[in-house]
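Read the structure below first, then the notes.
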Amino acid sequence: MSNSPDEPSELVFDDWYRRELPRVRQALTLATGDPALAEEATAEAFARAVVHWPRLRTTDSPAGWVYTTALNQVRRSWRRTLLEHRHARRHRDQPASAPELPDPALWRAVAELPERARTAIALRYIADLTEIEVAAAMNISRGTVATTLSRARTTLAARLQTAAPTSFRTPASEDSR
Amino acid sequence: MTPTGPRHHSDLDEHDPLRALAHVPNTTVPPVEGVHRRAAVIRRGHRRAKVGVSAGVLASALIIGGVLVPQSDSNPGPRGTLQAASFNGLARAHADTGGDCKGARYGANVPRQQWVSDPRAAELASWLPAEATGEPVRGINVHTDGVTCRPLTPAAALYTEAPKQGLSLWADVARPFRGEQGLRSVQLRGTTAELLPLPGNLMLSWTEPDGTRWVVQGSGLDQAAIVATLDDLVLQGTSVEPASVPAPWQQSHLPDAASPYSDWTWQVEYGPSGYTQDAPGIRLGVGPLVEPIATGVARGADLYTFTRVNGHPATFFTDLGGCVRWDEADLSYGVCGSQDMDLLVDLAEQVEHVATTDPRLQAAPDLFPTNDQTPEASAD
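Keeping their order, the protein sequence lines are chains A and B. Going letter by letter, the first sequence gives residues 3 to 179 in our numbering. Going letter by letter, the second sequence gives residues 2 to 381 in our numbering.
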């Protein structure tokens with residue numbers, strides 16, 4: 003594929019895409035509970051990243067932009083209709099199936115949290131965004147992110163304690179990031 | 002190439018069990034060439050959006066929920082037009098308002114100093130008295146997607162409360178099912194229609210003898226019942242003759258297509274400070290009436306319960322919390338929270354219209370910091 007002068011540096015973008023896509027897709031899967039929707043939103047977000055690549059590649063967090071865009075796609079996708087039904091079915095049945103993970107019980111426990119908590123955890127722990135970046139991606143304040151994560155950890159600790167004793171705790175230092 | 006462990010600059014506590022989520026398994030990455038092809042389509046759409054979009058271009062763009070979704074020959078939509086699509090992604094086949102339509106592609110929260118004196122906010126500004134909620138005001142937010150034209154609205158939105166059924170009819174739409182799988186052919190109104198079964202509803206599309214393409218979405222009734230109802234209707238151009246709607250169907254009030262349109266939405270939240278989804282809280286939302294409540298029922302009748310708000314037909318929908326929604330005076334209202342339906346209806350009946358200069362509004366904080374991003378710096 004050839005580059006025209008106004009096109010992004012494909013070598014850089016292409017490497018970045020191959021490196022980041024699995025993580026973005028995994029985070030969106032956990033946030034939405036819907037692997038197909040996550041795949042679709044992720045693909046669209048990366049395509050839009052190509053368009054904005056000359057600017058994005060110079061920013062501190064092109065990945066943060068992709069997560070924000072992918073979440074916007076999820077929120078506003080025309081497939082939201084289907085998502086409504088998927089949400090309802092999931093409430094009646096069971097959470098989205100877990101991908102291969104070292105700790106599938108943890109994935110399932112997170113998948114059962116409310117949407118906002120799932121999204122915050124996915125962005126913080128899978129995407130490894132800072133709390134400030136998570137706040138920007140979710141269009142909420144950093145304080146709300148910290149509160150959401152703290153409450154989610156408390157909930158998870160209670161849920162997982164009986165299943166598998168663990169060193170689950172809510173590190174204060176992590177909240178200050 | 003694929004990341005499998007914790008990422009580069011993590012400063013997460015190494016003892017935090019949630020770190021296990023950072024392990025991403027080796028999975029297939031779709032070829033990047035496809036991403037570039039899609040980007041090329043988006044670029045074409047952006048260029049046309051920037052120049053105002055004129056007829057005859059090769060690709061077009063749809064605004065879906067405020068997001069521009071460029072369309073190409075491989076993903077056909079209405080050509081040469083920029084327009085706002087329905088919630089379901091339906092768009093007009095002939096968008097005569099396309100020249101006036103603009104979409105910013107980026108949603109934004111409207112700064113308080115702007116909305117307080119803007120007639121668009123004045124039309125929406127609503128409030129729940131403190132004695133009704135028993136909660137402090139968490140904040141107010143006014144949002145816009147930057148869409149200046151009214152999305153496609155239904156030609157009719159029909160419902161019955163018992164049994165729960167919904168039927169929405171849309172006229173003069175672009176081909177809605179191209180590329181879809183699972184289409185079947187059915188006979189209705191003396192012609193052949195395409196039937197698309199979806200989770201919870203059925204969609205049908207056909208062309209009337211005058212060339213107008215119609216789409217119907219129905220839920221709570223089977224294919225035969227939808228066809229029988231459609232066979233009874235008198236369709237005139239892009240309208241449904243109200244007198245032809247058979248009993249026991251009720252007709253939702255439709256938005257006035259001739260009235261000025263604004264996509265601004267008004268939101269007030271009541272509850273403890275900070276956004277705490279799991280905490281008790283009440284959310285009041287007001288926006289333009291685009292899709293009457295019956296269109297939601299037509300998507301998934303089993304998800305809704307019919308009720309009344311001050312005599313207006315209303316629906317209760319529960320998914321992530323519960324919401325009561327009703328339409329009134331060309332506006333769509335919603336009151337959501339963790340309360341049961343009866344309590345939410347009780348709250349909904351106490352919603353009052355207020356001036357944007359009302360001292361209670363002035364004393365309330367902003368729900369979100371308003372965007373100071375320019376479109377060029379915003380995410381899509």
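Glycine included, every Cβ here is placed at the ideal spot set by N, Cα and C. Predicted model only: the values in this text are computed from it and were never measured.
Burial check for ARG185 (chain B): the Cβ neighbour count within 10 Å stays below 16, so the residue is exposed. In the three-state reduction of the DSSP assignment, PRO37 (chain A) falls in the helix class.
Taking ALA72 (chain A) as reference, the option from A:THR61, A:GLU42 and A:THR60 with the minimal CA-CA separation is A:GLU42. In the three-state reduction of the DSSP assignment, TYR127 (chain A) falls in the helix class, which pools H, G and I. Against chain B, the beta carbon of ALA33 (chain A) has no neighbour under 7 Å; the closest one sits roughly 12 Å away.
GLY212 (chain B): not part of any beta strand (DSSP E); DSSP gives it neither H nor E. With a threshold of 16 other beta carbon atoms within 10 Å, VAL241 (chain B) meets it and is buried. Note that the segment 35-42 of chain B does not touch the segment 140-151 of chain A; fewer than 3 beta-carbon pairs, one per stretch, sit closer than 8 Å. Less than 8 Å separates the beta-carbon of VAL216 (chain B) from that of PRO177 (chain B).
ALA111 (chain A) sits buried, since 16 or more C-beta atoms from the chains shown fall within 10 Å of its C-beta.
Nearest CB-CB separation between PRO18 (chain B) and chain A: below the 8 Å threshold. About 18 Å separates the beta carbon of ILE134 (chain A) from that of LEU19 (chain B), a gap too long to meet the 8 Å contact definition. The beta strand (DSSP E) runs of length 3 or more contained entirely in the segment 245-316 of chain B are, from start to end of the chain, 266-271, 283-289 and 305-310. With 16 or more neighbouring CB atoms inside 10 Å of its own CB, HIS54 (chain A) falls in the buried class.
When only Cα atoms are considered, VAL138 (chain B) and ALA157 (chain B) end up about 37 Å apart. Of the candidates B:VAL336, B:GLY301, B:ASN110 and B:LEU231, the residue whose Cα lies closest to the Cα of TRP207 (chain B) is B:LEU231. Contacts between PRO130 (chain B) and chain A, judged by CB atoms closer than 9 Å, are missing: the closest CB pair is about 26 Å apart. Straight across, the Cα-Cα distance linking ALA154 (chain A) with THR121 (chain A) is about 11 Å. Within chain A, no C-beta atom comes nearer than 9 Å to that of THR308 (chain B); the closest sits roughly 19 Å away. Only those residues of the segment 26-41 of chain B whose C-beta falls short of 8 Å from the nearest C-beta of chain A are listed: PRO26, ASN27, THR28, VAL30, PRO31, VAL33, GLU34, GLY35, VAL36, HIS37, ARG39 and ALA40. DSSP places VAL174 (chain B) in no beta strand (DSSP E); its state is neither H nor E. Partner residues in the beta bridge of PRO198 (chain B), as assigned by DSSP, are B:LEU203.
Around the beta carbon of ASP328 (chain B), 16 or more other beta carbons sit within 10 angstroms, so the residue counts as buried. Around the Cβ of ALA302 (chain B), a 10 Å sphere holds 16 or more other Cβ atoms; the residue is buried.
THR357 (chain B) is not a Cβ neighbour of ALA175 (chain B), given a cutoff of 8 Å. Here the alpha carbons of LEU162 (chain A) and THR156 (chain A) stand approximately 10 Å from one another. Judged by beta-carbon spacing, GLY140 (chain B) lies beyond the 8 Å limit of PRO360 (chain B), meaning their Cβ atoms are not closer than that value.
For THR145 (chain B), the enclosing beta strand (DSSP E) begins and ends at 138-145.
Chain-order list of chain A residues neighbouring ALA157 (chain B): empty, with the shortest C-beta distance near 19 Å, by a criterion of under 9 Å. Nearest in C-alpha terms to ASP211 (chain B), of all of B:GLN237, B:GLN218, B:LEU196 and B:LEU199, is B:GLN237. Residue range 224-233 is occupied by the alpha helix (DSSP H) that includes LEU231 (chain B). In the three-state reduction of the DSSP assignment, LEU159 (chain B) falls in the strand class.
In this structure THR29 (chain B) is exposed. Its beta-carbon is surrounded by fewer than 16 other beta-carbon atoms within 10 angstroms. Interface criterion not met: the Cβ of ALA38 (chain A) is under 8 Å from no Cβ in chain B. With respect to the 8 Å criterion, TYR271 (chain B) and GLY282 (chain B) are classified as neighbours on the basis of their beta carbons. Using beta-carbon distances, GLN28 (chain A) counts as an interface residue toward chain B, with a partner under 8 Å.
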